[in-house]
Structures are given as C-alpha cells and as structure tokens.
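Notes for the one structure printed next.
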Amino acid sequence: MIMNLCQSRSDLELAWASANGDEAAFQCLYGRHRGWVYSFCLRILGNVADAERLTREVFINAYRRAHTMNEDVSFTQWLHRLTVNALLKHLKQKNGRSAAEREGTAPSLDTGPPLVGRVSPIDRGALEAVIGQLPAEDRIAFVLHDVDGFDDEEIANMLGVSTETFRSQLHRARLKVRRYTLDGASGSKVRKSSQCGIWN
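What follows is the structure, encoded as structure tokens:
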C-alpha cells in the first residue's frame, strides 16, 4: 500500500499530504530523500553519530513545517535549505571547540559521489583535514559546489545569500584548500580533478 503511494505521487503531492497529517506520505518522502541528507551531513561533519542526529532533526523539522512550503519551490530545494540551515546552526554552536576537536570532525569525501582523478590516501586525508577547518558557510559552499556539483544559484538559494556572496565564500574556500594542498607540511600535492573544480 505504502509502496504504491510512493510510486504514484510526486514530492509536492506527498508534501501537501504530509502537511495534512498523512504520515504514510511523509514516510515516502523520507525514503526518497534520506540518502542525500545523511550523506551530505556526513561529508560536512565527518561524524556518523552527528550526521544521523542531524538527519533526524532535518526530517522532524520538515514534517512540522510542511505546511509552510511555497509552491514556487520544489520539495527538494526546500529540503536542501532545511538541511543547510541545520548544519550551519550545528557548526556555529560548536565554534568554541579546540582546533584538535575540529580536526577530528573533518568530512569524509568517500561518502559521496566519486571524484574524477581520485587522490592518494595521504593527499585525500590532507584535503579532508583542511575542508574540516573551513568556516561553516565556506565549508558547506565548497562541498555543495566542488564535491556535490550543485550550480551557483542553487547553492546561493540553499544558503539564503546572493550569488555574489556564495561565490566569495567558494573563492575563499578554494584559496585555503589550494594553499594547504600545495604548501602543506607533507609537501604533497592533491591531483587536479576536472569534476571537483578545486583548481578552476
């Protein structure tokens, strides 16, 4: 019964049904979109427990706020915005942590789509470490664009900023990543990746 419901209705139809208290409809949305939300949280946080908790929070928030959806925005865009907001809040609450603690939560690039021209384990570890040191907004901007492949306008909408502001965040992140990977303590260089765009 639920499978038929999931297959026959669009995200928007399921979202409106969820807003009216249809839990089965919401389960369909959860099944469709949990994978991206969880993997993105894990890439940003680098911690399974935190990623699982944030994923639960995002979907609880989505269920409670389904009635606020705007027809001009797709459910996917709306959910991505909720996810980014949850991550920003979580990261900003942890700004007081020590540098050592922040290094321990570096994102794992292996949890997302494979990069073209995979880097060696040593280089990949260095890249993950420096991404984990980026300010919250810059880190999310970098991963959304250079790892997940969203376009500028999509990411600006998720972050709730102008396209120019997003591009500035991405530029700062790329400069820091490039500087670390070229001049890091190991002296090793991360291979160029045409897909991830770090070197553009």
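Under this note's numbering, the residues of the sequence shown are numbered 1148 to 1347, in order.
Each residue gets a CB set at the ideal place from its N, CA and C atoms; glycine is no exception.
Check, Outcome
"Three-state secondary structure (DSSP) of GLY1279", "helix"
"Status (buried if at least 16 other CB within 10 Å, exposed otherwise) for HIS1318", "exposed"
"Environment of ARG1286 [buried if 16+ CB atoms lie within 10 Å]", "buried"
"Opening and closing residue of the alpha helix (DSSP H) in which GLY1168 lies", "It is not in any alpha helix (DSSP H) - GLY1168 carries neither H nor E in the DSSP assignment."
"Endpoints, the alpha helix (DSSP H) within which THR1215 is located", "No alpha helix (DSSP H) holds THR1215; DSSP gives it neither H nor E."
"Nearest candidate by alpha-carbon position, reference ASP1158, set THR1223, TYR1327, VAL1308", "THR1223"
"Own chain, CB closer than 6 Å to LEU1176, minus 5 neighbours either side, in chain order", "LEU1161"
"Nonlocal neighbours in the same chain, by C-beta distance under 8 Å from ARG1181, ignoring five residues either side", "THR1202, PHE1206"
"Whole-number beta carbon distance between LEU1281 and ALA1320, since they are thought to touch under 8 Å", "5 Å"
"Bounding residues of the alpha helix (DSSP H) (the contiguous stretch that carries ASP1299)", "1299-1306"
"Minimum C-alpha distance to ASN1194 - residue among HIS1214, LEU1234, MET1216", "LEU1234"
"Proximity winner among VAL1184, VAL1308, ILE1191, CYS1153, relative to PHE1173 (alpha-carbon distances)", "CYS1153"
"Straight-line gap, MET1305 to VAL1184 (C-alpha atoms, nearest Å)", "13 Å"
"Burial state of GLU1284 (16 or more Cβ within 10 Å)", "buried"
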